[in-house]
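Taken in order, these protein sequences are the chains called A and B. Just so we're aligned, residue 1 is where the first sequence starts under our numbering, counting upward by one. Just so we're aligned, residue 1001 is where the second sequence starts under our numbering, counting upward by one. Okay, so here's the structure we're looking at.
Number of protein chains: 2
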Amino acid sequence: MSKTYTVQFEPEQLSATVPEGTTILAAANKVGAFVNSLCGGDGVCGRCRVVVRQGKVEAGSTEFFTRSEIRSGYVLACEAKAQSDLVVEIPPETRLSGPLEYVEGEVPELGDLSKRRGLRLAPLVRKTCVQLPSPDLSNNVSDLQRLEGALAQTGLPSHFQMGLKVTQRLPNLLRRCDWKVTAVTGHRGPLTEIIDVEPGDTSRLNFCIAADIGTTTVVCHLVDLRDGQTLGQAAKYNSQATYGADVIHRIIHASRSPEAEAALRQAVVGDLNELIHQLVTQYRLGPHDVTLVVAAGNTTMTHLLLGLPAEHLRKEPYVGAAYVLPPFRAAEIALQVNPRGLLYCLPSVAAFVGGDVIAGIFATGLSHGKKIRMLIDIGTNGEIVVGNEEFMVCASASAGPAFEGAGCHSGMRATRGAIDHLRLLDAKHLLSFSTIGSAPPVGLCGTGFVDLVAEMLRVGAIDRTGRLIESACGRRVRRGGRGEMEYLLVPASQTGHEKDIVISQVDINNLLRAKAAIYAAACVLLKALNLTFNDLSEVLVAGAFGNFLNIENAQFIGLLPDLELQRLRFVGNTSLAGAKLAAQSERAYEEILRIASATTYFELSTEPTFMDQFVSACFFPHTNLELFPRVVAALADGRGK
Amino acid sequence: MSKTYTVQFEPEQLSATVPEGTTILAAANKVGAFVNSLCGGDGVCGRCRVVVRQGKVEAGSTEFFTRSEIRSGYVLACEAKAQSDLVVEIPPETRLSGPLEYVEGEVPELGDLSKRRGLRLAPLVRKTCVQLPSPDLSNNVSDLQRLEGALAQTGLPSHFQMGLKVTQRLPNLLRRCDWKVTAVTGHRGPLTEIIDVEPGDTSRLNFCIAADIGTTTVVCHLVDLRDGQTLGQAAKYNSQATYGADVIHRIIHASRSPEAEAALRQAVVGDLNELIHQLVTQYRLGPHDVTLVVAAGNTTMTHLLLGLPAEHLRKEPYVGAAYVLPPFRAAEIALQVNPRGLLYCLPSVAAFVGGDVIAGIFATGLSHGKKIRMLIDIGTNGEIVVGNEEFMVCASASAGPAFEGAGCHSGMRATRGAIDHLRLLDAKHLLSFSTIGSAPPVGLCGTGFVDLVAEMLRVGAIDRTGRLIESACGRRVRRGGRGEMEYLLVPASQTGHEKDIVISQVDINNLLRAKAAIYAAACVLLKALNLTFNDLSEVLVAGAFGNFLNIENAQFIGLLPDLELQRLRFVGNTSLAGAKLAAQSERAYEEILRIASATTYFELSTEPTFMDQFVSACFFPHTNLELFPRVVAALADGRGK
């Protein structure tokens, strides 16, 4: 009877045939073209913005657009109805799950709840919309009990708690919105805390910020708690770096005065707020829509974030203020999210084993199964965990920020324009590289740095002590501005910022010491457990230092042990993955608490063999070449495989 | 070897023989002379003040005394050491358990936990002193976990929660006081909330304010949570009376504007703070030592106290904001106690059945056993409960403040100087009376008022409609300043305030209507349950209106039904008794919650027979004399028994 039209979606080239008057959103859903819509098509969220390139539509409201956008053909997909064949562009901001441009070494499966058996979506903060029956003489319980009764019927644990301020607002709120409200609830075992009550149905607006608070880098992901989807991510260097590159210097500074402690706290809170603002703005949310922040950080970072005195962390016997923490209100530390939203900090185990590592153990599943595995989490501190379902032992070694691209001449975070992978194609140092976002290069991130050092070692540009061999570097080697030797990777004319990208002798020495500290820690820990690398079914490498670590190169420089490559695996930012899982699942969070209480800390500083092991490891790949037969064979081969 | 001396204590006339140098406190303890000491003899609480009347002591610090006190011989019993025979006076303020001067109709057994089988002392806020092991490398859990571990060992539920502010303070606190601290904890099922941590051992300073917040009168008791002892009490009229004598007028006022609501809230909070200050000062405590406030009030009083909108309470279908409330911080409503202390409001059942009644049901044990009993709680509203272990039904009727001595010419609270009992000895109206505190009379409290009306009825000074019979009153009757007839009880020359104590025709009419409303409510409720007064094993009368109600007189005027006197019992302020039990015992509080959920509300206003019953009851004792054969017999007898 009615006419049908073809709606073609760009850039996906998907095409739908629909009856006249069908909305663009309905057409998109029909063929699986992703259009962001938070309100589900009610025309109120303004997020399903599309551009009609060709054809005629009956468009709806204009309130979400500027004049120039309207002239360009912007409409809301949920309101615009096809009146002819159409060509519709879905602009980047409207795509629901486009690829993330800067992935910061994320292995998405690890943070994806749907990939975890036995866990279902039950976020730490939930929103539940209920339509309450209005009261009459036969049902005149109090407003609060009416709300609690309705929530209990939806299956929420029925031991409720609600703050005074929300209770005071409740009666007028319920009557103003005809008894339809959305409860924002937090959960602790049998207790449901009604954090807030919002008018109408706001259950579609429930977001979490999962944060990995590293000594050098702070990374935030924005997660939709409705479905567990990660919408976006943002990262920056930790502004506390002004007060010291490593945790020890930060603790010393914080211990000087309450003002100094406050400055460190404000620095990282400022970083988080900046990233939160960036994500919330990008996805057109309000800060109010973020009801949950889950933070994973090392013990010092967690102390400094919460304003807990950190000074005893660095003095024997290394005692923190608190390792297992209840949820707090995010507003208590001035996070700019929903003022009644919750902040969970993942639990620490010891002064130098924090929630980031525990999150990693959970995210990688290390605590499951009988096979013994090792997790190496590389950050400014390197943490090593060895264990299986029966035991977990953890040690920590200071590595410095080299792997995160900080304190390094041309180093940078793993973001747009960072060289993340490279090869030196021949002895003449012809360079092949890729950058994040395929942008012109502006620096080297951690994975690129590992690749570069491995390649320089292969082509003989550095020797096994890390020293630049001028004679072998051709025209790439020179004396830099500060008098030290440096290796020119990309000249200014070819970079995105018109500056040379170089690596200096100091940079190489830093990387050498960083990898040596980590390798030595792994050796000492294994020895204490009466194990060798060969007893490990797998060695997992985690860290937020690049897109994907070239495992072979990491082994080549002696960061990773000389095992068959299939036993080595890069698992990305497991701290963040664990935080995201906890956000989405109370059971995941409980399991993380269990892991924290089951993990034993092994103190390297009291282990006399550590320094010997460290010194021995300060060679590429190692002083003792018998430990690295594969690398030796590759070196002998001239270029490796 | 050493000399011995005799220490004689006044006024008890107890005598101890002790070695030279023994402290007065030790000597007092030896012979059982009660000396108040909160710090247990450490010389820090300053409460064991005694006066050395004769003899020589080695006295201690002077910091707790004025110059004139020192000249009078004041010393701290815990510091002063005998250097000769002594005569020592223990002044009233130092006696541990002197009689309470103003008892406000308390039946002490009802609020005494030790008299309740199956309940042990486990207050809603506890103080636990722990000496933590100091950390070393073999035991370097965090400060928080160290504290929690030690608390769990004392038997506290091990699911702990602690606020951020306290956690931030913990590390320095623990180290400053050599790892000996006192945890202040609140309890909700399996959860222990560490409300605060105090340095050293403060477990001897843990006090509760139990408050009965009546429409007309606010009564507070100070309870030592260490042993459940009631130390003192204080009361005053509810300052909200400015805004209306009954709950309906107060609700109407509160609904006018947020400012009006705030004014009502501040009025009652001000009353509580005044009473708290009075008690705390009297017992030489700091506000900080009060860690718990348990408040019982009718539903409106609880709403106004907490700032919950009350307007829907008075409009069909009579719905409150919240009836069952979690504990709040007392500071949230500006109560001047420990800023981290908890406020529990006992649960309401309906708009006109509040926590005061539920407290009464628990305190009287009405919900136990198979025998059906009735509880009549007489306040500005009269609440009637009928029930046993199988059912509890409750109704409420407006009585006005007559029984509490408010809105009545010479009425007053049951405090010093109030005539609480009286008799007219003969037809010539020769008066015999007692006053509270045996002070010169200044007015009539509720029990005195009941006695007076009953006696006037007996001697024929009023008829059964309540009308003053001039001819029968001799010289006591006169026309008052406002033109109405009044009966002179005590002339100004014999009173404590040099004003006449009188009762007016209006006062009598108010009492008549008040008793009629209560009696009518009881009749309608029984009828709805298909019961009669004869089915009741007991009728309990509660209220804060005097020392002890003369049950026979209450029956004589028709306030109480015409049952054998042994089935009628005055139980005093059961609201306060219930609040005190809840404060001392988590199980008591839980049972109060259970009672609230098991009690059914019966709405009198929709019951067509109520008005008929009320009108019939507007006679002394009743229109239908067949209902009061005992009273009729007594009237016929001239003077009753």
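From the three backbone atoms N, C-alpha and C, an ideal C-beta is built for every residue, glycine too.
Query, Result
"In DSSP terms, what residue 1210/B is bridged to", "1221/B and 1294/B"
"Expected contact under 8 Å - CB spacing of residue 1360/B and residue 1496/B to nearest Å", "The pair is not a contact, with the Cβ atoms about 33 Å apart (cut-off 8 Å)."
"Nonlocal neighbours in the same chain, by C-beta distance under 8 Å from residue 498/A, ignoring five residues either side", "492"
"Close Cβ partners of residue 432/A (< 7 Å) along its chain, the five nearest in sequence each way excluded", "422, 423 and 425"
"Proximal residues of chain B, C-beta to C-beta of residue 237/A below 8 Å", "What residue 237/A touches in chain B: nothing, since even the nearest Cβ is about 26 Å away."
"Residue 390/A at chain B interface by Cβ criterion, 8 Å", "no"
"Rounded separation between residue 1070/B and residue 1052/B - CA only", "10 Å"
"For residue 237/A, the three-state DSSP class (helix, strand or coil)", "strand"
"Cβ neighbours of residue 1058/B in the same chain (closer than 6 Å, five flanking residues each side left out)", "1081 and 1083"
"Where residue 1367/B falls, given that 16 or more other Cβ within 10 Å makes a residue buried", "buried"
"Check whether residue 1488/B and residue 1476/B have beta carbons under 8 Å apart", "yes"
"Alpha-carbon to alpha-carbon, residue 438/A and residue 545/A", "17 Å"
"Cross-strand partners of residue 127/A (DSSP beta bridge)", "184/A"
"Secondary structure of residue 1253/B, DSSP reduced to three states", "helix"
"Continuous beta strand (DSSP E) stretch holding residue 1243/B: start and end", "It is not in any beta strand (DSSP E) - residue 1243/B carries neither H nor E in the DSSP assignment."
"Through-space distance from residue 1338/B to residue 261/A, alpha-carbon basis", "28 Å"
"Bounding residues of the alpha helix (DSSP H) (the contiguous stretch that carries residue 1588/B)", "1586 to 1598"
"Cutoff 8 Å: residue 192/A Cβ touching any chain B Cβ", "no"
"Nearest neighbour of residue 301/A, chosen from 325/A, 292/A, 265/A and 316/A [CA to CA]", "265/A"
"Buried/exposed call for residue 155/A, threshold 16 Cβ in 10 Å", "exposed"
"Cα-Cα separation between residue 149/A and residue 1029/B, rounded to whole angstroms", "56 Å"
"Cutoff 7 Å; reference residue 1440/B; Cβ partners in own chain excluding five residues on either side", "1417, 1495 and 1496"
"Heavy atom of the ligand ADP within 7 Å of residue 1592/B beta-carbon", "You won't find the ligand ADP in this model; it holds no ligand whatsoever."
"Cross-chain neighbours of residue 1158/B in chain A, by beta carbon under 8 Å", "Per Cβ cutoff of 8 Å: no residues; residue 1158/B is ~12 Å from chain A at best."
"Where residue 420/A falls: helix, strand or coil (DSSP)", "strand"
"Proximal chain A residues relative to residue 1242/B, where beta-carbon distance stays under 9 Å", "Result: empty, since nearest Cβ-Cβ is about 23 Å, beyond 9 Å."
"Local conformation of residue 336/A per DSSP, three classes", "coil"
"Proximity test, Cβ basis, 8 Å: residue 170/A and chain B", "yes"
"Where the beta strand (DSSP E) through residue 571/A begins and ends", "568 to 572"
"Inter-stretch contact (C-beta, 8 Å, three-pair minimum) for the region 1576 to 1590 of chain B and the region 1207 to 1224 of chain B", "yes"
"C-beta neighbour in chain B for residue 28/A, strict 8 Å", "no"
"Pick from 1293/B, 1469/B, 1517/B and 1344/B that is closest to residue 1402/B, judged by C-alpha positions", "1517/B"
"Alpha-carbon to alpha-carbon, residue 76/A and residue 50/A", "6 Å"
"Residues of the region 303 to 320 of chain A with Cβ closer than 7 Å to any Cβ of chain B, in chain order", "306, 307, 308, 309, 312, 316, 317, 318, 319 and 320"
"Inter-stretch contact at 8 Å, needing at least 3 Cβ pairs: the region 1302 to 1318 of chain B / the region 1176 to 1195 of chain B", "no"
"Residue 1177/B, enclosing alpha helix (DSSP H) - first and last residue", "That residue, residue 1177/B, is in no alpha helix (DSSP H); it is neither H nor E in DSSP."
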